[in-house]
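> Residues are numbered in the working numbering as their position in the sequence shown, beginning at 1, plus a constant of 14.
In this text, a Cβ means the ideal position worked out from N, Cα and C, and glycines have one as well.
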Amino acid sequence: MALKRGKKQAQPQVMMEINTTPLIDVMLVLLIMLIITIPAQLHSVDLNLPTARQNPPPQEEEPQVVRISIEADNIIRWDDETVTPDALEQKLRLAAAQARQPELHIRADRAAIYRQVVAVMAAVQRHRLTRIGLVGLERFEH
15 MALKRGKKQA
25 QPQVMMEINT
35 TPLIDVMLVL
45 LIMLIITIPA
55 QLHSVDLNLP
65 TARQNPPPQE
75 EEPQVVRISI
85 EADNIIRWDD
95 ETVTPDALEQ
105 KLRLAAAQAR
115 QPELHIRADR
125 AAIYRQVVAV
135 MAAVQRHRLT
145 RIGLVGLERF
155 EH
């Protein structure tokens, strides 16, 4: 049994503060009950979805793929054929005139001059060819 030493107080002291912890607990319980009892409003939009046709759409044929390579010695190749910048412009003009544009896969050697790579990409952009892919970035994929 532990004994207390010290002065005995004749009268207990009056608490001057209100303990708000039970009040907060009651308020939280009431808030949770309110949230549970409120009906969930469903937001919906009426859509008229198209019906499926019996015949599936025709399969698209594979697009033509053109490989443009910029070598370390700044040689430009169009599908393994060496071309000059003027010949590249001509080939890009012909590709842009096709009804279905080919996919251009641009591959630059890591030792190629950056200016040459940008010049090829600018030529592609000038002819408004939009199906472009940069090849050789596999080392950055996980």
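Can you tell me where the beta strand (DSSP E) holding Ala122 begins and where it ends?
Its beta strand (DSSP E) spans residues Glu117 to Ala122.
> Using 8 Å as the threshold, is the C-beta distance between Val138 and Leu118 below it?
Taking 8 Å as the Cβ cut-off, Val138 and Leu118 qualify as a contacting pair.
> Rounded to the nearest angstrom, what separates Glu75 and Arg140 at their Cα positions?
Taking the straight line from one Cα to the other gives about 27 Å.
> I'd like to confirm the pairing. Which residues does DSSP put opposite Gly12 in its beta bridges?
This structure cannot speak to residue 12, because the chain is shown only from 15 to 156.
> If you draw a straight line from the alpha carbon of Met29 to that of Leu48, how long is it in whole angstroms?
Going by the C-alpha atoms only, they are around 33 Å apart.
> Can you name, in chain order, every residue of its own chain whose Cβ lies under 7 Å from the Cβ of Asp93, other than the five neighbours on each side?
Here the set comprises Val80 and Arg81.
> Just to confirm the assignment: which complete beta strand (DSSP E) runs, minimum length 3, are found wholly within the region 30–101?
Entirely contained in the region 30–101, the beta strand (DSSP E) runs reaching 3 residues are, in chain order, 79–84, 90–92 and 95–97.
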